[in-house]
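The structure under discussion appears below in the form of structure tokens.
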Amino acid sequence: MCTCPFPAALPLFTFLPVCLSLCLTETVMDTRTATAELGWISFPANGWEEVSGYDENLNTIRTYQVCNVFEPSQNNWLLTTYIDRRAAQRIYVEIRFTVRDCASIPSVLGSCKETFNLYYLETDRTMSEASSSTFHQILEFYVDTIAADESFSQVDFGGRLMKVNTEIRSFGPLSKGRGFHLAFQDLGACMSLLAVRVFYKKCPSVVRNFAFFPETLTGAESTSLVIARGSCIPNAEEVDVPIKLYCNGDGEWMVPIGSCSCKAGYEPDNGNVCRACPQGTFKSSQGAGLCQQCPLYSLSTIEAATLCGCRNGYYRGDMDRPEDMCTSVPSAPRNVVSVVNQTSVLLEWHPPRETGHRDDLSYNVLCRRCHSSERRACQPCDDSVVFVPGKRALKDTSVEISKLRAHTSYTFEIQAVNGVTNKSPYPAQQLSINITTNQAAPSVVPIMHQVSSTSRSFSLSWPPPEQPNGIILDYEMRYYDKVEWDDKCLSVIQSETPNVVLEGLRPGTGYVVQVRARTVAGYGAYSKEMLFHTLTDDEYKSELGQQLSLIAGSLVGGVCIVSLVAIVTLRPDMFSGPTPTVTFPTLSEGHSSPGVKIYIDPFTYEDPNEAVREFAKEIDPSCVKIEEVIGSGEFGEVYKGRLKPVGKKEIPVAIKTLKVGYSERQRRDFLSEASIMGQFDQPNIIRLEGVVTKSRPTMIITEFMENGALDSFLRQNDGQFPVIQLVGMLRGIASGMRYLAEMSYVHRDLAARNILVNSNLVCKVSDFGKIPVRWTAPEAIAYRKFTSASDVWSYGIVTWEVMSYGERPYWDMSNQDVINAIEQDFRLPAPMDCPVVLHQLMLDCWQKDRNARPKFPDIVSMLDKMIRNPASLKAGTNNLPPGPPHHPLLDRGAPDLSRVSSVEDWLAALKMTQYRDSFLGSGFTSLPLVTQITAE
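In terms of mature numbering (1 follows the signal peptide of the UniProt record, and there is no 0), the sequence shown is residues -21 to -1, 1 to 915.
Right, here's the structure in full:
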């Protein structure tokens, strides 16, 4: 039961009930309601005395008085009956009392007081009697000494208002028993306890933001905040989580955190009620929106509809919104006209009379080749038939079809379709036309190749025409001397095969050549002119000599090159230790070319929201499903979830949210990360999927990285990876940083905690823009000079973190100690088992002169060399070993020879089949013999 405090002033032994406008207390004892003796324990017996009085309504009230001021050394105790605290942790005591002014009492001794003391004693049971030892124990639970603001000098029973004091005290926390006793100690005062009320405070049950919060007791201290968990009211769902309110020490609710909103099919009513949408209306999504009337050609026959169903013959497309009207399928196209030109046909038609109330009308053209007049004898056209501009989703009412067969019957069906055609149980309406192609000559021979050349001849070959339009009977070739050409010099020859040798030519001369094919329909057009040359006599002799020397010297030259690959491939036992099966990015990936796009700072926009719209895709919140909390960020919770774009496959994503109660500046800073991230597109940079800014909560959605932050991932897998795997991770980070540097973007917060790792152990750079001391270059700390060179310094720290499996850089040194140590040229030592080449790379990154540090392209190149040469990664190896001789074969990397079974297969895999006869003729007829080849 909620009750109210005493009024400020009342006549002696009386009180007047007064209530506050808002009741926030629960009373556990109130002497004003007592109708019989209170029965409190008084010690000693001649101390406090219980007396009766009357209020203005002549109701009896019980009070306690004491006035032994003429006797020295007073110590009078008054102990209340047992009071159940009802789970309250802090108790308030409201006392109404009067005190006699000591100066108004004649002949009083110096022991007269105008104060008294308040104590309490926690216990689980009622005390029926008390002794001096009891009250000695109570002295440990002192609350306060209470003094009167006003005292009286003479008791007046003539009706004057007495000077009544009201004081409130509190104590806690209470936890040792289910209840307590109050104790009043008089040390020599003349006073009366008119009334005592004991209560505690609480926050009442309330509905806020469509969430119900139960009645909640205040905390143990007046400054305590007690969390009350809320639950959505009926027909509401969570928007922001968790849903909670804080109850302060005064029994008042603070600002709510999290909220609910009316779910789909329900609209808010009177602020905190979710009312079902009546029939004929709908509400498609959760939120503050109201129910809407059903759009055209749709209806709802139930309450709380989330979608109005389409009437018979009307449909909604996959991309249509619930508030869009229902539409129908189009009628058939009209008035098709065909123009046949040999093996091509032009079709034109008129649009359908009915478009179905949609503006996404398009056309499909179906082609069938027929062997007779019967439709069942037709079959779909093959893929060689060409449709311009296409055969599906045509917007124009015409199409040109070519590369048909000559003298062949075709049936073309033109379908009119729109966004709901696939919803109809009936096939799309169509218009058909039958045509027969004319006789046609072969198409043009696309290209010719020179197979070989001498000083008096050359050999040519060519593919058949793409569109033969019948059986090729033969080919005709014409050619002429480019320099001394005239009509008499034009030569023509025929060939039944797509190749020919032209002989009787002049040495060192260029000849222009064309070819055409012939069927029963005649010759096709000549191919384009192509120029081929004969060799000079000297060139021909030289080539013959080179061929002979190449064959003779194959074991001296070519074998030396391939033997290295053979030994590595066929004799893996020459290397110590197992070779890890690790997949790395392509080592030959190119650098960005000049003119690469440059990063644009979103804060340079007059309206930062414009940068978000330009660089980040807005995502419909209905496509986002939040699954679980995986962490917390600077601006709010981070969740794992799923993203299901319309018409695409569902993918896992990470979702950063902006907490409620944010300022506009916090929202701008939060979304600035999306404006930055949205400008990047590189495999080692975290990919932005999009943002949600038009509803709450505001979200940034990125690709999901299954293994989380690199530092914690390495700590969880300490010592589990071969060094070359770690180098592969570092290579990915360096590749991402190279991309950022080429875009003129400075990261400023490159650290292992800001590198994310996916399920394939691909490392990606994320979290752009803080300034941590342990990872920051000296010039950035001292002068705020951030450049790609300062990012290189940070990359050196990341390398140290990776090789130490996530150990904290500089261990437990303070930030100032780190700064001082770096200024005195201290650098982190090599982690355990770290190859020397990697520690040297770290030291290069930590050069005090930023201009002396390597660039990120240099770092990528260094790591590529280490990956190509695993021996350099052995502990104690200081320099990269000398690489193999420069040769295109080795530059492109050795092929996979694990499955070759013969010398011929091995040479084919190495693309050196020209040495086959040399190898076999020299006795190298098996793979074991090949492995014995030496450089000598």
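The beta carbon of each residue, even a glycine, is placed where N, CA and C say it ideally should be.
Query, Result
"For Ala215, write down the residues that DSSP places opposite it in a beta bridge.", "Cys241"
"Between the Cα of Pro221 and those of Val725, Phe747, Tyr618, spot the shortest distance and give me the residue it belongs to.", "Tyr618"
"Quick check: the segment 587 to 600 against the segment 672 to 681, are there 3 or more CB pairs under 8 Å?", "yes"
"Could you work out which residue in Lys623, Val608, Lys576 is closest to Glu616 when comparing CA atoms only?", "Val608"
"In terms of residues, what are the limits of the alpha helix (DSSP H) holding Pro587?", "587 to 594"
"Who are the Cβ neighbours of Leu822 in its own chain at under 7 Å, not counting the five residues just before and after it?", "Arg806"
"Just verifying my parser: in three-state terms, what is the DSSP assignment at Lys844?", "helix"
"Leaving out five residues before and five after Asn47 in sequence, what residues of the same chain have Cβ atoms less than 6 Å from its Cβ?", "Gln53"
"Count the other CB atoms within 10 Å of the CB of Ser86; is the residue buried (16 or more) or exposed (fewer)?", "exposed"
"Does Ile579 come out as helix, strand or coil in the three-state DSSP assignment?", "coil"
"Who are the near neighbours of His726 in its chain, counting only those whose CB is closer than 8 Å to its CB and skipping five residues on each side?", "Met716, Leu719, Val744, Phe747, Gly748, Asp770, Ser773"
"Suppose you measure from the CA of Leu469 to the CA of Pro444; what does that come to, to the nearest Å?", "24 Å"
"How far does the beta strand (DSSP E) with Ser411 in it reach, from first residue to last?", "409 to 415"
"Taking Cβ positions only, does Ser436 come closer than 9 Å to chain B?", "Looking for chain B here will not work: only one protein chain is present."
"When you compare only the Cα positions, how much space is there between Leu57 and Trp19?", "7 Å"
"Just checking my contact of Cys211 with Cys239 at CB under 8 Å: how many whole Å lie between their CB atoms?", "4 Å"
"Between which residues of its own chain and Pro274 is the CB-CB distance below 8 Å, once the five residues before and five after are set aside?", "Cys287, Glu302, Asp303, Met304, Cys305"
"Name the DSSP beta bridge partners of Ile70, please?", "Phe150"
"Could you check if His818 is buried or exposed, using at least 16 other CB atoms within 10 Å of its CB as the buried criterion?", "buried"
"Considering Leu510, what are the terminal residues of the beta strand (DSSP E) in which it resides?", "509 to 512"
"Tell me the start and end of each unbroken alpha helix (DSSP H) in the segment 801 to 845 that is at least 4 residues and wholly inside, in chain order.", "815 to 824"
"Grab me the residues of Ser738's own chain with a C-beta within less than 6 Å of its C-beta, minus the 5 sequence neighbours each way, in chain order.", "Glu685"
"Does the Cβ of Phe41 have 16 or more other Cβ atoms within 10 Å, making it buried, or fewer, making it exposed?", "Sequence check: residue 41 is Arg here, not Phe. By the 10 Å Cβ count, Arg41 comes out buried."
"Mind reading off the beta-carbon distance from Ala395 to Pro257? Whole number of angstroms is fine, and I expect it under 8 Å.", "That pair is no contact at about 39 Å."
"Considering just the uninterrupted stretch of the alpha helix (DSSP H) at Pro757, what are its terminal residues?", "757 to 762"
"Check each candidate in Met170, Val78, Thr77, Ile70 and name the one with the smallest Cα separation from Phe159.", "Ile70"
"Report, in whole angstroms, the separation of the C-beta atoms of Leu842 and Ala713, which I expect to be a contact under 8 Å.", "6 Å"
"Can you round the beta-carbon distance between Ser474 and Tyr454 to whole angstroms, since I take them to be within the 8 Å contact cut?", "5 Å"
"Just verifying my parser: in three-state terms, what is the DSSP assignment at Tyr724?", "coil"
"Would you decide whether Arg762 is buried or exposed? Buried here means 16 or more other CB atoms lie within 10 Å of its CB.", "What sits at residue 762 in the sequence shown is Tyr, not Arg. Its Cβ having fewer than 16 others within 10 Å, Tyr762 is exposed."
"Does the distance from the C-beta atom of Asn663 to that of Val603 stay below 9 Å?", "no"
"Just curious, the beta strand (DSSP E) that Arg495 is in, first and last residue?", "489 to 498"
"What did DSSP end up calling Tyr179 once you bin it into helix, strand or coil?", "strand"
"Just how far apart, CA to CA, sit Ala284 and Ala267?", "16 Å"
"For Ser411 and His336, I'd like the C-alpha separation in whole angstroms.", "24 Å"
"DSSP state of Ser(-1), grouped into three classes?", "Interpretation of Ser(-1) is limited by its pLDDT of 33, a score under 50 that renders its predicted location unreliable; no figure is taken from the coordinates."
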